[in-house]
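**Q** Quick mapping for you: the protein sequence lines, in order, are chains L and D. 394 is the number of the first residue of the first sequence in the numbering used here; add one for each residue after it. 394 is the number of the first residue of the second sequence in the numbering used here; add one for each residue after it. Here you go, one structure.
Number of protein chains: 2
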Amino acid sequence: MHHHQSGRHFLQIPGPTNVPDRILRAIERPTIDHRGPEFKGLGFEVLEGIKEVFQTKQPVIIYPASGTGAWEAALVNTLSPGDKVLMYDTGHFASTWHKLAEKLGLDAQLLPGSWREGAKPEVIEQVLVDDKNQTIKAVCVVHNDTATGITSDIPAIRKAIDSAVHPALFLVDTISSLASIDYRHDEWGVDVTVGGSQKGLMLPPGLSFNAISEKALSAFEKAKLPRSYWEWQDMLEANKQGVFPFTPATNLLYGLRESIRMLLEEGLDQVFSRHRRLAEAARAAVQAWDLELNALIPSEYSNSLTAVVMPEGHDADAFRKGVLECFNVSLGNGLGRLNGKVFRIGHLGDFNEPMLLGTLGAIEMGLDLAKVPHRPEGVRAAMSNLVENNR
Amino acid sequence: MHHHQSGRHFLQIPGPTNVPDRILRAIERPTIDHRGPEFKGLGFEVLEGIKEVFQTKQPVIIYPASGTGAWEAALVNTLSPGDKVLMYDTGHFASTWHKLAEKLGLDAQLLPGSWREGAKPEVIEQVLVDDKNQTIKAVCVVHNDTATGITSDIPAIRKAIDSAVHPALFLVDTISSLASIDYRHDEWGVDVTVGGSQKGLMLPPGLSFNAISEKALSAFEKAKLPRSYWEWQDMLEANKQGVFPFTPATNLLYGLRESIRMLLEEGLDQVFSRHRRLAEAARAAVQAWDLELNALIPSEYSNSLTAVVMPEGHDADAFRKGVLECFNVSLGNGLGRLNGKVFRIGHLGDFNEPMLLGTLGAIEMGLDLAKVPHRPEGVRAAMSNLVENNR
Chain L
394 MHHHQSGRHF
404 LQIPGPTNVP
414 DRILRAIERP
424 TIDHRGPEFK
434 GLGFEVLEGI
444 KEVFQTKQPV
454 IIYPASGTGA
464 WEAALVNTLS
474 PGDKVLMYDT
484 GHFASTWHKL
494 AEKLGLDAQL
504 LPGSWREGAK
514 PEVIEQVLVD
524 DKNQTIKAVC
534 VVHNDTATGI
544 TSDIPAIRKA
554 IDSAVHPALF
564 LVDTISSLAS
574 IDYRHDEWGV
584 DVTVGGSQKG
594 LMLPPGLSFN
604 AISEKALSAF
614 EKAKLPRSYW
624 EWQDMLEANK
634 QGVFPFTPAT
644 NLLYGLRESI
654 RMLLEEGLDQ
664 VFSRHRRLAE
674 AARAAVQAWD
684 LELNALIPSE
694 YSNSLTAVVM
704 PEGHDADAFR
714 KGVLECFNVS
724 LGNGLGRLNG
734 KVFRIGHLGD
744 FNEPMLLGTL
754 GAIEMGLDLA
764 KVPHRPEGVR
774 AAMSNLVENN
784 R
Chain D
394 MHHHQSGRHF
404 LQIPGPTNVP
414 DRILRAIERP
424 TIDHRGPEFK
434 GLGFEVLEGI
444 KEVFQTKQPV
454 IIYPASGTGA
464 WEAALVNTLS
474 PGDKVLMYDT
484 GHFASTWHKL
494 AEKLGLDAQL
504 LPGSWREGAK
514 PEVIEQVLVD
524 DKNQTIKAVC
534 VVHNDTATGI
544 TSDIPAIRKA
554 IDSAVHPALF
564 LVDTISSLAS
574 IDYRHDEWGV
584 DVTVGGSQKG
594 LMLPPGLSFN
604 AISEKALSAF
614 EKAKLPRSYW
624 EWQDMLEANK
634 QGVFPFTPAT
644 NLLYGLRESI
654 RMLLEEGLDQ
664 VFSRHRRLAE
674 AARAAVQAWD
684 LELNALIPSE
694 YSNSLTAVVM
704 PEGHDADAFR
714 KGVLECFNVS
724 LGNGLGRLNG
734 KVFRIGHLGD
744 FNEPMLLGTL
754 GAIEMGLDLA
764 KVPHRPEGVR
774 AAMSNLVENN
784 R
């Protein structure tokens, strides 16, 4: 892997995503005084702008931390030791969030899942109806599981909680869907939305987010899990002045400002439809190759990544290694129980048609080199699909 | 403040410090796959290299978080709810660490201090001797308090703990001394050393560190404070492979690699003596101005920043505002009980003689414009001092 590789690297893991030059240039500006007068302009712009991305009028907390930290923040700010939380095993990241909750001393129940379908609203509703004493304090769902390429129906789960007439908080992870797949914090009645910088926001990793509701803020008043770094209160107070209670990741905030500007220039609706268009073309390629999608239900197909099942007897990681070494394209590996069995194509963030076709071409050639049975018609199918959708 | 300011900004707060172009260019490289083969080279290099900066052969944990997070990490990995910890109020940052410990559910005792002197080893020793049942689990000291410009004598405090024959852990914050003032994690017998990226390491904020001892690792086994993001175990396991258990702040790690290379090229001894030389010249200027240092004891003078007491009847913040608006130089404000009463000159990180003289010149002119009584001989005195030390 240490031979020279010409041309631009294709970072087609499902995040971190390719960081556009505009953002790279923004973050390389000299660091400024985070207590000085210039900073507030930056602070106010990102704190206001990020709300538009979450489609909320409520506060969004920005942490100098990666996404895992924002998971922890969502829990420690709203819950107390031993509290029951209901989670749904839609994939590796859902199960990792579950482990994190247990480590924090929560009584976290993980509803089983096949990792090939999204969270079932009716299952959640039944558990909540059966919880007569309403001891469950929060329902935690991953909107788009980065490991499986499956999106869960957040409005339907909101409806399920409401139908059960249950007061549990609703916590949603949008790390790999935010700014790629339509997501509405306010309209969908989510209490805490967890986000990260390195996916649809097109930034390097190192920033993460909690969008919060009034109900979450009330829960905060009573929540007893110990917290300090993640605490909302100090953040909200300082944010009113456009600043942060402890040192923020200034240069990544430069990048966030540029990211928000780019997203709003394109328009969120356009961002979502571009992701959908490119994702459909990627799936058309997989189908043409005669390979299997990990996702079983079309309405749950992820528009930010596609997980492809490797045919029996072929190692996904050996194939990925070949694609990287020969064609300078990084693909995502199978995580947890999917290890070696799937590869993942990230098609989110700063991404367009030729980038997708280059990626799919490298995969098609890689399948050939690795002698994986397939029809070499994926790229052709993707092109037809893109042309058709362009008419 | 929105009129045009020509030339390079002088970021002379005591951190974030001026980020050198080499590091800015390093962090603007495209983000790579943190699970791919190229990453490990970066991972191993920073994980090994950072040990040299802490002067340790033991593991150093790297967090995608700012320094406050590494404070929290040091506590949650070694202590249990209700544990007694002994802290020393050397300044604003010591008292902030104390508040954080209380928020986490620790029984944190803060020994009073004047904010004009460092931690007294004999006071700590007496408290430990009086703690017959040895209920104090940790002694926490800030090596260099960024708010006061005072350095505490860490080897002497180690000796005090040993003289008291007390088993408490020794936790030290080096956020504003690491890579600026000589600090030896192993030789000085510290159990957890807390560091941050945005000071002597010359990086933007967003990375922080825990250097740990064998004894700290044993304490970790029994420590019961809830933790997940900060947990050492998963980090140490993953770090063996040059990777991280959750998404690292890749672009800041590019910067860290460059920072470590720069520090080792210069040589740590040279780095420390450069900071000492420039700090002495800054203090010579303060003395020549006939202004008062906040630090009272010469052996405790900080070599990374100088806090200057404003003469009675003059507002330090109004003066700072003038220096920024007229001369494009940011100075540090007085924090906590020193608010409005001191200004702070940061002279750490990527810093040299002409940068210091430019800074001191702006201050001298600013004192004149703000009609603060002083002798206009500070720059001259600094130059004489520098020339003398250069002979």
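All C-beta atoms, glycine included, are put in the ideal place defined by N, C-alpha and C. Just so we're clear, the structure is a prediction, and the values are computed from it rather than from any experiment.
For residue 412 of chain L, which residues in chain D fall below 7 Å Cβ to Cβ?
**A** Correct list: 423, 424.
**Q** Hey, out of L/739, L/589, L/606, whose CA is closest to residue 599 of chain L's CA?
**A** Among L/739, L/589, L/606, the Cα nearest to that of residue 599 of chain L is on L/589.
**Q** Along the stretch 465 to 483 of chain D, where does the CB come closer than 7 Å to a CB of chain L? Name the residues.
**A** Correct list: 465.
**Q** Output, in chain order, the set of chain D residues within a Cβ distance shorter than 7 Å of residue 734 of chain L.
**A** By Cβ distance, chain D contributes nothing, its closest Cβ being about 16 Å from residue 734 of chain L, past 7 Å.
**Q** Considering only residues of the same chain and omitting the five flanking positions on each side of residue 515 of chain D, which have a CB-CB separation below 8 Å?
**A** Once the five neighbours on either side are set aside, the close Cβ partners of residue 515 of chain D are 553.
**Q** With distance defined between alpha-carbon atoms, name the residue in D/743, D/773, D/630, D/757 nearest to residue 410 of chain D.
**A** Closest option to residue 410 of chain D, Cα to Cα, is D/743.
**Q** Per DSSP, what kind of secondary structure is residue 526 of chain D in: helix, strand or coil?
**A** Correct three-state label for residue 526 of chain D: coil.
**Q** Within the stretch 519 to 572 of chain L, note down every full beta strand (DSSP E) run reaching 3 residues or more, in order along the chain.
**A** The qualifying runs are 529 to 535, 562 to 566.
**Q** If the cut is a Cβ gap below 8 Å, which residues of chain D does residue 717 of chain L touch?
**A** Ordered by position in chain D, the residues that pass the 8 Å Cβ test against residue 717 of chain L are 429, 430.
**Q** How many Å lie between residue 754 of chain L and residue 632 of chain L at the Cα?
**A** Approximately 46 Å, taken between the alpha carbons.
**Q** Any residues in the stretch 566 to 600 of chain D with a beta carbon nearer than 7 Å to a beta carbon of chain L? Which ones, in chain order?
**A** Under the 7 Å Cβ criterion, the stretch 566 to 600 of chain D contributes 591, 597, 598, 599.
**Q** Give me the Cβ distance between residue 459 of chain L and residue 457 of chain D, rounded to the nearest whole Å; I'm assuming they're in contact under 8 Å.
**A** Between residue 457 of chain D and residue 459 of chain L the Cβ distance is about 5 Å, and since that is below 8 Å, they are a contact.
**Q** What would DSSP say about residue 411 of chain D, mapped onto helix, strand or coil?
**A** Residue 411 of chain D falls in the coil class under three-state DSSP.
**Q** With 8 Å as the limit, tell me which residues of the stretch 643 to 671 of chain D have their beta carbon closer than that to any beta carbon of chain L; keep them in chain order.
**A** So the close ones are 643, 644, 645.
**Q** Using 10 angstroms around the beta-carbon of residue 394 of chain L, count the other beta-carbons present and answer buried if the total reaches 16, otherwise exposed.
**A** Residue placement at residue 394 of chain L is poorly supported in this model, since its pLDDT is 42, which falls under 50; the coordinates are not used for a value here.
**Q** To which residues of the same chain is residue 433 of chain D closer than 8 Å at the C-beta, ignoring the five residues directly before and after it?
**A** If we look at residue 433 of chain D and ignore the five residues flanking it on each side, its Cβ neighbours are 634, 635, 636.
**Q** Cβ of residue 496 of chain L within 8 Å of Cβ of residue 691 of chain D?
**A** No, the pair does not count as a contact, with Cβ atoms beyond the cut-off.
**Q** Spell out the partners DSSP gives residue 480 of chain L in its beta bridges.
**A** L/503, L/533.
**Q** Counting contacts by CB-CB distance shorter than 8 Å, is residue 760 of chain L in contact with chain D?
**A** No, residue 760 of chain L does not count as interfacial toward chain D.
**Q** Is residue 498 of chain L close to chain D? Criterion is C-beta to C-beta, closer than 8 Å.
**A** At least one chain D Cβ lies under 8 Å of residue 498 of chain L.
**Q** Which same chain residues, not among the five before or five after residue 715 of chain D, have their C-beta less than 7 Å away from its C-beta?
**A** The answer, listed in chain order, is 759, 762, 763.
**Q** Near residue 440 of chain D, which residues of its chain fall below 6 Å by C-beta distance, leaving aside the five closest residues on each side in sequence?
**A** So the list reads 632, once near-sequence residues are dropped.
**Q** So that I know if they touch, is there some Cβ in chain D lying closer than 8 Å to that of residue 694 of chain L?
**A** Output row for residue 694 of chain L: interface = no.
**Q** Quick check: residue 413 of chain L and residue 628 of chain L, are their CB atoms within less than 8 Å of each other?
**A** Against a cut-off of 8 Å, the Cβ pair of residue 628 of chain L and residue 413 of chain L comes out as no contact.
**Q** Go through its chain and collect everything with a Cβ distance to residue 444 of chain D's Cβ below 7 Å, but skip five positions before and after it.
**A** Excluding sequence neighbours, residue 444 of chain D sits near 450, 453.
**Q** Nearest by alpha-carbon distance to residue 766 of chain D: which of D/757, D/774, D/436 is it?
**A** Checked all of D/757, D/774, D/436; the closest Cα to residue 766 of chain D is D/757.
**Q** So, is the C-beta of residue 394 of chain L closer than 8 Å to a C-beta in chain D?
**A** No answer about residue 394 of chain L holds up, because its pLDDT of 42 lies below 50 and its placement is not dependable.
**Q** List, in order along the chain, the chain L residues whose C-beta lies closer than 7 Å to that of residue 726 of chain D?
**A** Within chain L, the residues near residue 726 of chain D are 428.
**Q** So, residue 709 of chain D versus residue 726 of chain D, is the Cβ gap smaller than 8 Å?
**A** It is a contact, given that the beta carbons lie within the stated cut-off.
**Q** Which residue from L/577, L/563, L/650 puts its Cα closest to that of residue 609 of chain L?
**A** Nearest of L/577, L/563, L/650 to residue 609 of chain L, Cα basis: L/563.
**Q** Tell me residue 694 of chain D's beta-bridge partners as DSSP assigns them.
**A** According to DSSP, which records beta bridges pairwise, residue 694 of chain D is partnered with D/543.
**Q** Would you mind listing the alpha helix (DSSP H) stretches within the stretch 430 to 490 of chain D that are 4+ residues and don't spill past its ends, in chain order?
**A** Here the runs fully enclosed are 430 to 447, 460 to 469.
**Q** Would residue 498 of chain D and residue 475 of chain D be called neighbours here (beta carbons separated by less than 8 Å)?
**A** Cβ distance < 8 Å, so residue 498 of chain D and residue 475 of chain D count as in contact.
**Q** Helix, strand or coil for residue 422 of chain L per DSSP?
**A** The answer is coil: DSSP assigns residue 422 of chain L none of H, G, I, E or B.
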